[in-house]
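Engineer: Here it is, the structure, as structure tokens.
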Amino acid sequence: MFPTRAWRFLPDGRFEWTELSLRPPAAGEVLVKLRACGLCTGEVMDWYIRQKAPLVPGHELVGEIEALGEGVQGFHVGQRVVVHHHAPCGQCALCRRGAFVHCPTWRATRLEPGGLSERFLVPPEIVRTDLIPLPDSVPDEVGIFVEPLACVVKSLRRAGNLHRATVAIIGMGVMGMLHLLLAQWWGAAQVLAIDRLPHRLQQAESLGAIPIEAQDAEHAVAQVQSRTQGYGAEVVIVGPGTLEALELGWRLVAPDGALILFTPAPPEVRYALDWYTLYFKEVRLIPSYSAGPVEMRHALGAILAGLPVAQLITHQLPLSEAPQGYALLRQAEALKVVVKP
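In terms of the numbering used here, the sequence shown is residues 412 to 752.
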């Protein structure tokens, strides 16, 4: 047996430091020792994470292979890897058209016990499809960006061609910043960074975006209009899962533009669709949920090519202080928090 300690998130919102014993990896499985885990802002979205509790959170992972189950090929003990938390079968009708996150296998796979653990078991489906060797040139704390950046790769791909486009991003947390970096990387003419927090706008401006203060929606709309000759932005990323953010995005998007819903709203929330304007303005309203193995590899490729994600790390903490890291995210005092054993 392999002893491990893990953070368990409870239904009442508390974290519990738990001691566990993991069995040796079965056929096709891999035992991974954690090297670094990024804390995801989705894990402080209370309505979303509490419905899954109790669980061991953490899914932005770099680890080191500690043991191989029978039949595992292409990996070796001591190898550093990026570990996805889900993986598709690669064979069903959904996988064949690239809809990986809707594959029943993708939704059923998970790590045991989860990422915020000193070690964890990776099931055969993930080992076969989305356990990715991490090149020596990529530090652990940079490798954790592969999974969140993969979500942004998918989001901006679904938006369409960014070359010479104006991209407006509502919400400049770490995922907004990753959208900023990748949109520039892919040729956007200008990126408009929209937020209420001055320190986030300053960071976005330092990365090359045009900051727009969003305390007053009318001011934000006027600023976007003035910078787009009155047309609006061809691509609008709605970061927060709120009706207020969606309404603002709807006012910012240009005719024939894309309005990307990057974050879910609670299941009871309803939005009254202005079908008439949607039709005649030809706005594409596009949700983008998570990412699959194709986006994971494109994200790693962008990092290897020099996408400067490391500058988004604001805090590095020991694994034992992970709850403090989540508190920093909840208070908007951090962009990316990385924890290490």
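Where a beta carbon is used, it is the ideal one built from N, C-alpha and C, also for glycine.
Work out the CA separation of His590 and Val602 for me, nearest whole Å.
Structural biologist: Using only the alpha carbons, I get a separation of about 9 Å.
Engineer: Between the C-alpha atoms of Thr725 and Leu560, what's the straight-line distance to the nearest angstrom?
Structural biologist: So the two alpha carbons sit approximately 17 Å from each other.
Engineer: Could you give the C-beta distance for Cys503 and Ala702, rounded to a whole number, given that I count them as a contact under 8 Å?
Structural biologist: Actually they do not touch by this definition, with Cβ atoms about 18 Å apart.
Engineer: Are there three or more Cβ pairs, one per stretch, closer than 8 Å when the region 546–556 is compared with the region 507–520?
Structural biologist: Verdict: no, contact absent.
Engineer: Could you tell me which uninterrupted alpha helix (DSSP H) segments, each at least 4 residues in length, are contained entirely in the region 464–528, listed from first to last along the chain?
Structural biologist: Listed in chain order, they are 504–507 and 515–519.
Engineer: Do the CB positions of Ile623 and Ala447 come within less than 7 Å of each other?
Structural biologist: Their beta carbons are not under 7 Å apart, which means Ile623 does not touch Ala447 by this criterion.
Engineer: With a CB to CB cut of under 8 Å and the five nearest residues on each side skipped, what residues in its chain are close to Gln490?
Structural biologist: Glu475, Ile476 and Pro544, listed in sequence order.
Engineer: Could you tell me which whole beta strand (DSSP E) segments of length 3 or greater appear in the region 545–611?
Structural biologist: Within the region 545–611, the complete beta strand (DSSP E) runs of at least 3 residues are 577–581 and 601–606.
Engineer: CB Glu616 to CB Pro752, shorter than 7 Å?
Structural biologist: No, these two residues do not count as a Cβ contact at 7 Å.
Engineer: Could you tell me which whole alpha helix (DSSP H) segments of length 4 or greater appear in the region 639–701?
Structural biologist: Segments of the alpha helix (DSSP H) lying fully in the region 639–701: 654–663 and 686–692.
Engineer: So the alpha helix (DSSP H) Ser637 belongs to, where does it begin and stop?
Structural biologist: Per DSSP, Ser637 belongs to the alpha helix (DSSP H) from Ala628 to Ser637.
Engineer: DSSP state of Pro435, grouped into three classes?
Structural biologist: Pro435: coil per DSSP, three-state reduction.
Engineer: Quick check on DSSP: helix, strand or coil for Gly453?
Structural biologist: Helix at Gly453.
Engineer: Can you check whether the CB of Leu657 is closer than 7 Å to the CB of Val649?
Structural biologist: Against a cut-off of 7 Å, the Cβ pair of Leu657 and Val649 comes out as a contact.
Engineer: Considering just the uninterrupted stretch of the beta strand (DSSP E) at Leu711, what are its terminal residues?
Structural biologist: No beta strand (DSSP E) contains Leu711, which is instead part of the alpha helix (DSSP H) from Pro704 to Leu715.
Engineer: Expressed to the nearest angstrom, what Euclidean distance is found between the alpha-carbon atoms of Trp458 and Leu740?
Structural biologist: Cα to Cα, Trp458 sits roughly 16 Å from Leu740.
Engineer: Hey, quick one: how far does the alpha helix (DSSP H) through Leu728 stretch, first residue to last?
Structural biologist: Counting along the chain, Leu728 falls outside any alpha helix (DSSP H), though it belongs to the beta strand (DSSP E) covering Ile724 to Pro729.
Engineer: Would Asp541 and His495 qualify as a contact pair, given that the criterion is a beta-carbon distance under 7 Å?
Structural biologist: Yes, these two residues count as a Cβ contact at 7 Å.
Engineer: From the DSSP output, read off the bridge partner residues of Glu430.
Structural biologist: Paired residues: Arg416.
Engineer: How many Å lie between Leu537 and Thr688 at the Cα?
Structural biologist: It is Ile, not Leu, that sits at residue 537 in the sequence shown. Answer to the nearest angstrom: the Cα atoms are 43 Å apart.
Engineer: If you count every other CB in all the chains shown that lies within 10 Å of the CB of Asp627, and 16 or more means buried, which is it?
Structural biologist: Classification of Asp627: exposed, given that the 10 Å Cβ count is below 16.
Engineer: Could you tell me which of Arg419, Asp423 and Ile605 sits nearest to Val578, measuring between CA atoms?
Structural biologist: When each option's Cα is compared against that of Val578, the closest is Ile605.
Engineer: Pick out whichever of Leu445, Pro436, Leu450 and Val473 has its Cα sitting closest to the Cα of Leu479.
Structural biologist: Of the candidates Leu445, Pro436, Leu450 and Val473, the one whose C-alpha sits nearest the C-alpha of Leu479 is Pro436.
Engineer: From what residue to what residue does the alpha helix (DSSP H) around Glu440 run?
Structural biologist: That residue, Glu440, is in no alpha helix (DSSP H); it is neither H nor E in DSSP.
Engineer: Nearest CA to the CA of Leu573: which residue from Ala600, Met588 and Gly582?
Structural biologist: Looking at the Cα atoms, Ala600 is the closest of the given residues.
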